[in-house]
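S.K.: To start, I am sharing the structure in question, which I have written as C-alpha cells.
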Amino acid sequence: MNCREAFKEISKYLDGDLKAELKQILDTHLGKCPHCKIVFDTTQKTIALYCDGKLFTLPADVRDRLHQALKRKCAERSSM
Amino acid sequence: MNESFRAEIAPCAVAGSSTMGYTFMPALEVGLGMTAPLLLQANRMSLSPQKLSEKPESLLVTEAKSGNYEAFEELVSRYEKKIYRLALRLTGNNEDAEDVLQETFLKAYEHLPDFRQDSLFYTWLVRIAVNEGLMRLRKLRSDKSEPLEDKVSDDGQVTPREFRDWKPNPEETMQQKEMEDLLLKAAQALPPSLRAVFLLRDMEELSTEETANLLGLTTGAVKARLFRARMQLREELSQALKQE
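Protein chains in written order, with my numbering: chain A, 1 to 80; chain B, 81 to 324.
Here you go:
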C-alpha cells in the first residue's frame with residue numbers, strides 16, 4: 001500500500017468499514033509511514049474536537065429568549 | 081406540592097389554563113376521595129415522585145405528548161445546547177443559529193403529537209434543525225445567486241498537504257472561545273453540503289443511513305462527502321494547531 005491508497009482508506013478505517021485484511025495492511029503502513037500516521041491521528045483529533053461538548057456554551061440570553069418564545073407558544077395554544 | 085406533581089396537574093402553568101384535556105385526577109381528589117388501588121394506578125400513570133431531570137427521555141416524551149409542558153421544557157433543557165451548537169456550526173452566525181434554535185423547538189412543540197417515537201427524540205430534533213439551517217443557507221445563497229451544491233463532486237481527489245503533527249492537547253491549552261472560533265471558521269470553509277454531512281455523521285453521530293435519508297443522498301455519497309469533509313477540516317485545523 002502506498003500513501004495515496006492509505007489516505008483513501010483512512011475515513012473507512014475510522015468508521016470501522018474496512019475488512020480485516022485491508023485494516024491490517026493499513027495498520028502496517030501507518031506503523032512505518034510517519035506522514036500517514038499524522039494524517040490519521042489528526043483526522044481523529046479533528047472529529048474529537050467537534051464532538052467535545054465541553055468546549056461549547058449556550059449564551060444565557062439566547063436560552064432565555066428560547067424559553068420565552070416557547071412559553072408564548074404554549075400560552076397561545078392553551079387560549080385557543 | 082412537589083415540583084413533579086405540580087407538573088402533572090398544571091402542565092402549562094404559564095398559560096394559567098385549566099382546560100388542557102387531562103384524564104387524570106387533580107390533586108385534591110387524589111388526596112381526599114381516591115381508594116388505594118386507584119391511587120396506586122394514578123401513581124403508575126403519571127404521579128411519579130421521580131424528578132423531571134431524572135426521568136428517562138421516552139417517559140418525558142410520552143408526558144409531553146399528552147400536554148405536560150414541564151416535561152417538554154425538561155426535554156428542551158436537555159438538548160438546547162447541542163441544537164444551538166449544531167445550528168451555529170451549520171449556519172456560521174449567531175443570528176441564524178438562534179433563529180434555527182427557536183424554530184426547531186417551536187416546531188417540535190407544535191408537531192409533538194405527530195412524533196411516533198420510532199427514532200430518538202434528539203434525532204428528530206436534529207432532523208428539524210438541519211432542515212431549518214439548510215433552508216436558511218439556501219435562502220442566503222439564492223439572495224446572492226449562489227447554489228448550495230456548488231463545487232462538490234463525490235469523486236474528487238483529496239490530497240493532504242499538511243504533515244506536521246499538532247501541538248499536544250490544544251483543547252486544554254487554547255482559550256475556549258479561541259478554539260470555538262477556530263472550529264466555526266474551519267466548518268464555514270466547507271461547502272454547506274459537505275458541512276452538513278460532517279456535522280450529522282461525526283458531531284451528531286447519526287448513522288450513514290440516517291444522514292443519507294435526512295439529506296436525500298445515497299449512502300455512497302454520504303461516505304464520499306464525509307471523507308472529503310474530514311480531510312478538508314483536518315487541513316484547516318492543522319494550519320492553526322500544527323507544531324512549529
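For glycine and all other residues, C-beta sits at the position ideal for the given N, C-alpha and C. None of the values given here were measured: they were computed from a predicted structure.
Among the residues of its own chain, which have a CB less than 8 Å from the CB of residue 254/B, if the five just before and after it don't count?
M.R.: 262
S.K.: Under a three-way DSSP split, which group does residue 19/A fall into?
M.R.: coil
S.K.: Would you mind working out which of 324/B, 194/B, 300/B, 266/B sits nearest residue 313/B, comparing C-alpha positions?
M.R.: Closest option to residue 313/B, Cα to Cα, is 266/B.
S.K.: Hey, out of 185/B, 131/B, 136/B, whose CA is closest to residue 68/A's CA?
M.R.: Shortest Cα-Cα distance from residue 68/A to any of 185/B, 131/B, 136/B involves 185/B.
S.K.: If you check the beta carbons only, do residue 12/A and residue 303/B fall under 9 Å apart?
M.R.: yes
S.K.: Using a threshold of 9 Å, state whether the C-beta atoms of residue 307/B and residue 38/A are closer than that.
M.R.: A distance of 9 Å or more separates the beta carbons of residue 307/B and residue 38/A.
S.K.: If distances are taken between C-alpha atoms only, which option among 54/A, 2/A, 70/A, 48/A comes closest to residue 14/A?
M.R.: For residue 14/A, the nearest C-alpha among the options comes from 48/A.
S.K.: In angstroms with no decimal places, state the Cα-to-Cα distance between residue 281/B and residue 294/B.
M.R.: So the two alpha carbons sit approximately 11 Å from each other.
S.K.: Considering only the alpha carbon of each residue, which of 22/A, 18/A, 57/A lies closest to residue 1/A?
M.R.: Nearest Cα to residue 1/A within the set 22/A, 18/A, 57/A: 22/A.
S.K.: Counting contacts by CB-CB distance shorter than 9 Å, is residue 267/B in contact with chain A?
M.R.: yes
S.K.: Please classify residue 296/B as buried or exposed, where buried requires at least 16 neighbouring CB atoms within 10 angstroms.
M.R.: exposed
S.K.: Answer with yes or no whether the minimum CB distance from residue 293/B to chain A is below 9 Å.
M.R.: no
S.K.: Determine the extent of the alpha helix (DSSP H) in which residue 204/B is found, giving its start and end residues.
M.R.: 201 to 223
S.K.: So with Cβ pairs under 9 Å, would you call residue 31/A a contact of chain B?
M.R.: no
S.K.: Excluding the 5 residues flanking residue 177/B on each side, which residues of the same chain have their C-beta closer than 7 Å to its C-beta?
M.R.: 164, 167, 168, 171
S.K.: Check whether the region 153 to 163 of chain B touches the region 50 to 69 of chain A, taking contact to mean three or more Cβ pairs, one atom from each stretch, closer than 8 Å.
M.R.: Taking 8 Å as the limit for Cβ pairs, the verdict is that the region 50 to 69 of chain A does touch the region 153 to 163 of chain B.
S.K.: Buried or exposed: where does residue 273/B fall if 16 or more other Cβ atoms within 10 Å of its Cβ makes it buried?
M.R.: buried
S.K.: Where do the ends of the alpha helix (DSSP H) carrying residue 316/B lie?
M.R.: 299 to 321
S.K.: Are the C-beta atoms of residue 142/B and some chain A residue less than 9 Å apart?
M.R.: With respect to chain A, the C-beta atom of residue 142/B has no partner C-beta closer than 9 Å.
S.K.: Between residue 174/B and chain A, is the shortest Cβ-Cβ distance under 9 Å, so that the two count as touching?
M.R.: Residue 174/B has a beta carbon lying within less than 9 Å of a beta carbon in chain A.
S.K.: Which residue's Cα is closest to the Cα of residue 276/B: 215/B, 142/B, 174/B?
M.R.: 215/B
S.K.: Using a Cβ-Cβ cut-off of 7 Å (strictly less than) and excluding sequence neighbours within five positions of residue 222/B, which residues of its own chain qualify?
M.R.: none
S.K.: Mind checking residue 182/B: buried by the 16 CB within 10 Å criterion, or exposed?
M.R.: It counts as buried.
S.K.: In terms of alpha-carbon separation, which member of 71/A, 16/A, 42/A lies closest to residue 323/B?
M.R.: Of the candidates 71/A, 16/A, 42/A, the one whose C-alpha sits nearest the C-alpha of residue 323/B is 42/A.
S.K.: What does residue 156/B touch in chain A if you count any residue whose Cβ is under 9 Å from its own?
M.R.: Within chain A, the residues placing a beta-carbon under 9 Å from that of residue 156/B are 66, 67, 70, ordered along the chain.
S.K.: Say whether chain B places a C-beta atom closer than 9 Å to the C-beta of residue 45/A.
M.R.: Yes, because at least one Cβ of chain B sits closer than 9 Å to the Cβ of residue 45/A.
S.K.: Which residues in chain A have a C-beta closer than 8 Å to the C-beta of residue 273/B? List them in chain order.
M.R.: Residues of chain A whose Cβ lies closer than 8 Å to the Cβ of residue 273/B do not exist, since the nearest Cβ in that chain is about 17 Å away.
S.K.: Out of 210/B, 286/B, 138/B, which has the shortest C-alpha to C-alpha gap to residue 196/B?
M.R.: A check of alpha carbon separations from residue 196/B across 210/B, 286/B, 138/B identifies 138/B as the nearest.
S.K.: Can you name the start and end residues of the alpha helix (DSSP H) that residue 186/B belongs to?
M.R.: 174 to 191
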